[in-house]
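Numbering-wise, the sequence shown is residues 0 to 251 according to numbering that gives the first Met the number 0.
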Amino acid sequence: MVKSPLPPDQFRERLLRFLDRKDHWAWPHFSEGLATREQLKIHFQQEYAVYVRDFPVLLARIHGRNPPAQVRSMLAKNIYEEDTGGLSLGRSHPDLLLTMMEGLGFPAKDFERVRLLPASLAYRRWLDRATDNRDWVVGAAALTVFVEGSLNDRQELLHPSEPKTEAEIETHIARHPLVRHYGVPAAAMDLTRAHQLVEAGHRHDAYDMVLGCATTAAQQRAVLACLKTTLALWLRYRDGIARACGLKQPRS
Numbered sequence: 000m001v002k003s004p005l006p007p008d009q010f011r012e013r014l015l016r017f018l019d020r021k022d023h024w025a026w027p028h029f030s031e032g033l034a035t036r037e038q039l040k041i042h043f044q045q046e047y048a049v050y051v052r053d054f055p056v057l058l059a060r061i062h063g064r065n066p067p068a069q070v071r072s073m074l075a076k077n078i079y080e081e082d083t084g085g086l087s088l089g090r091s092h093p094d095l096l097l098t099m100m101e102g103l104g105f106p107a108k109d110f111e112r113v114r115l116l117p118a119s120l121a122y123r124r125w126l127d128r129a130t131d132n133r134d135w136v137v138g139a140a141a142l143t144v145f146v147e148g149s150l151n152d153r154q155e156l157l158h159p160s161e162p163k164t165e166a167e168i169e170t171h172i173a174r175h176p177l178v179r180h181y182g183v184p185a186a187a188m189d190l191t192r193a194h195q196l197v198e199a200g201h202r203h204d205a206y207d208m209v210l211g212c213a214t215t216a217a218q219q220r221a222v223l224a225c226l227k228t229t230l231a232l233w234l235r236y237r238d239g240i241a242r243a244c245g246l247k248q249p250r251s
């Protein structure tokens, strides 16, 4: 018996359940000013080398699978912004992260030859495999739904954020943990500015793309299986960073 595909609302709920779990016990250590600068360096080096540096390339693989024209257009805009900053501040997002790191006291050369931790390497290899999938929608789900997504996706889909004013963006930057706790100059925070400038509606685009194109039961199963593995490897990746920083999970 051939199974019918899930209705869009049920499929979206299944996707969101994975993002609801995109959380890690060590995250407050990095986001609330508890980490040492050396621990932050480990964290950002792994993030940069695993996916930030090559994110436009990973997206381009999906674009190269020749999805429908509307999807190609969305992906092309995303690639253009990630690789050039052409929709925001005129610099690539990987370069903007390196500028933020310089504001933290880490020169760009510290990010040129990063040795990936074992779990980081496993996660990156999986992203390579997912974006090389014959069905582009599987890779799109891995990158645009999971990697670009967060624990806040459910709330964002229910209550979409409006484009922010310049004053609102600067207030957000002033409250950023790197500015508040580590003294990173606001001038070095253009990566956050770029994200704030282009994020309105971005999460909806990602889900609409996957929901609108994973229309068969087989495609939906492939997407859900991909996100299940992506989440598991992401959690191990974050465990590996925590271990490298000497952190231990508190007993519940």
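Heads up, the beta-carbon is just placed ideally off N, CA and C, and yes, glycines get one too.
Measure the CB-CB distance between residue i and residue j and report whether it falls below 9 Å.
{"i": "Gly-261", "j": "Tyr-181", "result": "The shown model of the chain, from 0 to 251, leaves out residue 261, and the question about it has no answer."}
{"i": "His-263", "j": "Leu-190", "result": "The structure shown does not extend to residue 263, since the chain is modelled only from 0 to 251, so the question has no answer here."}
{"i": "Leu-5", "j": "Ala-216", "result": "yes"}
{"i": "Leu-126", "j": "Leu-150", "result": "no"}
{"i": "Gly-84", "j": "Ala-224", "result": "no"}
{"i": "Val-197", "j": "Ser-72", "result": "no"}
{"i": "Leu-74", "j": "Leu-58", "result": "yes"}
{"i": "Ala-199", "j": "Pro-159", "result": "yes"}
{"i": "Leu-96", "j": "Val-49", "result": "no"}
{"i": "Tyr-68", "j": "Leu-246", "result": "With the sequence shown as reference, residue 68 is identified as Ala, and Tyr is not the correct amino acid for it. No, Cβ-Cβ distance for Ala-68 and Leu-246 is not below 9 Å."}
Assuming residue i and residue j form a contact by the criterion Cβ under 8 Å, report the distance between their Cβ atoms to the nearest whole angstrom.
{"i": "Ala-118", "j": "Tyr-236", "result": "5 Å"}
{"i": "Cys-212", "j": "Val-136", "result": "5 Å"}
{"i": "Tyr-47", "j": "Phe-110", "result": "5 Å"}
{"i": "His-23", "j": "Leu-234", "result": "7 Å"}
{"i": "Glu-81", "j": "Phe-54", "result": "5 Å"}
{"i": "Asp-134", "j": "Ala-221", "result": "6 Å"}
Which residue comes first and which comes last in the alpha helix (DSSP H) that contains residue i?
{"i": "Cys-212", "result": "201-212"}
{"i": "Asn-77", "result": "68-83"}
{"i": "Val-136", "result": "135-139"}
{"i": "Lys-268", "result": "Because the chain spans 0 through 251 in this model, residue 268 falls outside it and cannot be assessed."}
{"i": "Thr-191", "result": "189-197"}
{"i": "Asp-238", "result": "216-243"}
{"i": "Tyr-254", "result": "Nothing can be reported for residue 254: it is not among the residues displayed for the chain, which extend from 0 to 251."}
{"i": "Ala-166", "result": "165-173"}
{"i": "Ala-59", "result": "54-62"}
{"i": "Leu-39", "result": "36-46"}
Could you name the residues of the same chain whose beta carbon sits closer than 7 Å to that of residue i, not counting the 5 residues immediately before and after it, in chain order?
{"i": "Asn-65", "result": "none"}
{"i": "Ala-187", "result": "Thr-98, Met-99, Glu-101, Gly-102"}
{"i": "Asp-238", "result": "Ala-118"}
{"i": "Gln-219", "result": "Pro-4, Leu-5, Phe-10, Ala-213"}
{"i": "Ala-139", "result": "Ile-61, Met-208, Val-209"}
{"i": "Lys-255", "result": "The requested residue 255 is not part of the displayed model; the chain covers only 0 to 251."}
{"i": "Asp-94", "result": "none"}
{"i": "Glu-161", "result": "Ala-199"}
{"i": "Arg-243", "result": "Reading off the sequence, residue 243 comes out as Ala, not Arg. Contacts found: Ile-41, Leu-116."}
Got a sec? Which residues, its chain only, sit under 8 Å from residue i by beta carbon, not counting five neighbours each side?
{"i": "His-171", "result": "Lys-163, Thr-191, Gln-195"}
{"i": "Glu-169", "result": "Ala-185"}
{"i": "Gly-148", "result": "Leu-18, Lys-21, Arg-202, Ala-205"}
{"i": "Ala-121", "result": "Leu-232, Arg-235, Tyr-236"}
{"i": "Ala-166", "result": "none"}
{"i": "Arg-179", "result": "Gly-32, Ala-173"}
{"i": "Val-27", "result": "Correcting the residue identity first, residue 27 is Pro in this sequence and not Val. Excluding positions up to five away in sequence, the list reads Leu-33."}
{"i": "Val-113", "result": "Gln-44, Gln-45, Tyr-47, Ala-48"}
Which residues in the same chain as residue i place their Cβ atom closer than 6 Å to its Cβ, once the five residues preceding and following it in sequence are excluded?
{"i": "Val-70", "result": "Met-208"}
{"i": "Phe-17", "result": "Leu-226, Leu-230"}
{"i": "Ile-240", "result": "His-42, Gln-45"}
{"i": "Leu-177", "result": "Val-183"}
{"i": "Phe-29", "result": "His-42"}
{"i": "Arg-153", "result": "Leu-15"}
{"i": "Arg-52", "result": "Pro-93"}
{"i": "Ala-107", "result": "Leu-97"}
{"i": "Glu-155", "result": "Arg-202"}
Going along the chain, which unbroken runs of the beta strand (DSSP E) with 3 or more residues stay wholly within the stretch 102-157? none
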